[in-house]
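Engineer: For the numbering used here, count along the sequence shown from 1 and bump the result up by 251.
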Amino acid sequence: MATDDASATGFDERGDRVESLLWGSVFLFTFLLFVYEFGFGLLEPEEEGLFPLSTIIDFKQTMFLAALVGGGLFVALVVWAVYRHSVGVRDAAAPMVPGQGRLTLSVFVLAVLVIMSTTIFVGASTLAQTDEATPADAAAQTGATQQLHMDVVASQWFWRFDVDGIPHSQGEQVVLPAETLIVFDTTSADVIHSFAIKELGITKDAIPAQSNRAWFYVGEVHGETTIRAGDQTIPADRYEVRCAELCGKAHSEMIASVYVVSPADYETWAQAQGGEAAFEPTGVGGDEHSEGEMGDDEHDGGEMGDGGEMDGDEHTEEESGGHDERIAAEPAAVYNVR
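1) For Pro428, which of helix, strand or coil comes out of DSSP?
2) Express the C-alpha separation of Met505 and Trp408 in angstroms, rounding to a whole number.
3) Please state whether the Cβ-Cβ distance between Thr369 and Phe446 is less than 9 Å.
4) Of the choices Asp415, Pro428, Ala327, His444, whose alpha-carbon is the least far from that of Gly525?
5) Return the CA-CA distance between Val403 and Trp520, expressed in angstroms with no decimal places.
6) Measuring straight from C-alpha to C-alpha, what distance separates Cys498 and Thr385?
7) Going by CA-CA distance only, name the one from Trp410, Ser276, Thr396, Pro514 that's closest to Asp488.
8) Gly394 to Met401, Cα distance in whole Å?
9) Sort out for me which residues DSSP pairs His502 with in a bridge.
10) Going by DSSP, what residue range makes up the beta strand (DSSP E) through Asp402?
11) Tell me the DSSP secondary structure of Glu491 in three-state form.
12) If you follow the alpha helix (DSSP H) that Ala523 is in, where does it begin and where does it stop?
13) For Val360, count the other beta carbons within 10 Å of its own beta carbon; 16 or more makes it buried, fewer makes it exposed. Which is it?
14) In or out: Asp436 buried (at least 16 other Cβ within 10 Å) or exposed?
15) How would you call His444, buried or exposed, if buried means at least 16 neighbouring beta carbons within 10 angstroms?
16) So, for Val358: in the same chain, excluding its five sequence neighbours on each side, which residues have a beta-carbon less than 6 Å away from its beta-carbon?
17) Just tell me which of Arg335, Val286, Tyr287, Phe280 has its CA closest to the CA of Gly322.
18) Taking DSSP as the reference, what is the three-state secondary structure of Ala440?
19) Taking all protein chains shown into account, decide if Leu427 is buried (16 or more other Cβ within 10 angstroms of its Cβ) or exposed.
20) Contact check, Asp413 vs Ser420 under 8 Å by CB: the rounded distance?
21) Rounding to the nearest angstrom, what Cα-Cα distance links Arg335 and Leu328 in this structure?
22) Leaving aside the five residues before and after Gly422 along the sequence, list all residues of the same chain whose C-beta is less than 8 Å from its C-beta, in chain order.
23) Between which two residues does the beta strand (DSSP E) containing Ala465 stretch?
Shown next, in the form of structure tokens:
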């Protein structure tokens, strides 16, 4: 529409302030939505009970929601700003005035710094809860009261699994319990591999002469498939293990299966294998032994035998010898890398 010369060429200070206020409101709303979603979770991940995957999905949904809402408002405000400065509204471009746009620029710079800082903080927090989390941190995060240790050895082109309490190695498939923190150490017998379970959000490098520790947790069993335990059929869920590092011509065929069963069914399966469920307490939920119980255990272990020798001392020497042999068999250089 046509305007007079004064209005066509004048500096619309009030309009610039309104525009700056609108830009600031968009950034502030996006920031608050980002913080609220990360802290309280408006979107519940479908992978609830699978760790660390659910933590990763929660961060992804936080970013998605902030980008969807904040990005939509951003685009709408850009369209409005284009219309405000379009030819149909102003017949001629207004001359530049000293200090013009300073408020809008300040709002932009401040908003970008806040959003970048928040994203870095939330990303680092997510990393601390997943890849950088220790088994103790993971137990507190998942609420797991028991844990089970497993050694994973990669080799061209197969996996070997050694689970505590099971007297034999497992190859193409491994059976593990749900509601249990699975702590595993991975290494390689030849070239660099990478142990990956996409459905659980796990990827950990397997490097020769190095031992890398990680963990995962499955909260429940849905019974998608079954496995055999002697003459019994046990409901289980299957998770596929793949190598995530190019390791040779049969890299794509380096596949194994993790079958997760309930803790009670795992005990049944372990007994059928001639072993036992070697669960260890995590210290969460009152599983830690008190000092008095520890003292009683030490006292019981040190009772005198019939021959006047300490039965506890004999047992300790045998265990120490086995422990020394196990240490000698392990690689000399052990690192903890991501």
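The beta-carbon is built from N, C-alpha and C at its ideal position, and this holds for glycine as well. Fair warning: this is a prediction, and the values are worked out from it, not measured in the lab.
Structural biologist: Taking the geometry as given:
1) Here residue 428 is taken as the residue at index 177 of the sequence shown, counted from 1. The answer is strand: DSSP assigns Pro428 an E or B state.
2) By 1-based counting over the sequence shown, the position of residue 408 is 157. By 1-based counting over the sequence shown, the position of residue 505 is 254. Our two residues, Trp408 and Met505, have alpha carbons roughly 5 Å apart in a direct line.
3) Start at 1 with the first residue of the sequence shown, and residue 369 comes out as number 118. Start at 1 with the first residue of the sequence shown, and residue 446 comes out as number 195. Going by C-beta atoms, Thr369 is not nearer than 9 Å to Phe446.
4) As a first step, residue 525 must be located in the sequence shown, where it is residue number 274. Nearest C-alpha to Gly525: Asp415.
5) In the sequence shown, residue 403 corresponds to position 152, counting from 1. In the sequence shown, residue 520 corresponds to position 269, counting from 1. Note on geometry: alpha-carbon atoms of Val403 and Trp520 lie some 20 Å from one another.
6) Indexing the sequence shown from 1 puts residue 498 at position 247. Indexing the sequence shown from 1 puts residue 385 at position 134. Approximately 28 Å, taken between the alpha carbons.
7) As a first step, residue 488 is located in the sequence shown; it is residue number 237 there, counting from the start. Nearest to Asp488 by C-alpha distance, out of Trp410, Ser276, Thr396, Pro514, is Pro514.
8) Here the question's residue 394 lines up with position 143 in the sequence shown. Here the question's residue 401 lines up with position 150 in the sequence shown. One C-alpha to the other measures close to 20 Å.
9) In the sequence shown, the residue the question calls residue 502 occupies position 251. Answer is none; His502 lacks a bridge partner.
10) On the sequence shown, residue 402 is found 151 positions in, with the first residue counted as 1. Start and end: 397-406.
11) Residue 491 sits at position 240 when you count from the first residue of the sequence shown. It is a strand residue.
12) Along the sequence shown, read from residue 1 onward, the residue named residue 523 stands at position 272. Taken as a continuous stretch (DSSP letters only), the alpha helix (DSSP H) holding Ala523 covers 514-523.
13) The residue given as residue 360 occupies position 109 in the sequence shown. Here Val360 is exposed: its Cβ has fewer than 16 other Cβ atoms, across all protein chains shown, within 10 Å.
14) Translated into the one-based positions of the sequence shown, residue 436 becomes position 185. Around the Cβ of Asp436, a 10 Å sphere holds 16 or more other Cβ atoms; the residue is buried.
15) As a first step, residue 444 must be located in the sequence shown, where it is residue number 193. His444 is classed as buried because its beta carbon has at least 16 other beta carbons within 10 Å across all chains shown.
16) Counting from one through the sequence shown, the residue named residue 358 turns up at place 107. So the qualifying residues of the chain are Ser271, Trp274, Gly275.
17) Numbered from its first residue, the sequence shown carries residue 322 at position 71. Of the candidates Arg335, Val286, Tyr287, Phe280, the one whose C-alpha sits nearest the C-alpha of Gly322 is Phe280.
18) Position 189 of the sequence shown holds residue 440. Residue state, collapsed to three classes: coil.
19) Here residue 427 refers to the residue found at position 176 when the sequence shown is read from its first residue. By the neighbour-count rule (16 or more Cβ atoms within 10 Å), Leu427 is buried.
20) As a first step, residue 413 is located in the sequence shown; it is residue number 162 there, counting from the start. As a first step, residue 420 is located in the sequence shown; it is residue number 169 there, counting from the start. Confirmed, about 5 Å.
21) In the sequence shown, counting from the first residue as 1, residue 335 sits at position 84. In the sequence shown, counting from the first residue as 1, residue 328 sits at position 77. Arg335 and Leu328 have their C-alpha atoms spaced approximately 10 Å apart.
22) Residue numbering aside, residue 422 sits at position 171 when the sequence shown is read from its first letter. Residues Phe409, Trp410, Arg411, Phe412, Ala507 of the same chain have their beta carbon placed closer than 8 Å to that of Gly422, with the five preceding and five following residues left out of the count.
23) Translated into the one-based positions of the sequence shown, residue 465 becomes position 214. In the DSSP annotation of this structure, the continuous segment of the beta strand (DSSP E) that includes Ala465 starts and ends at 463-469.
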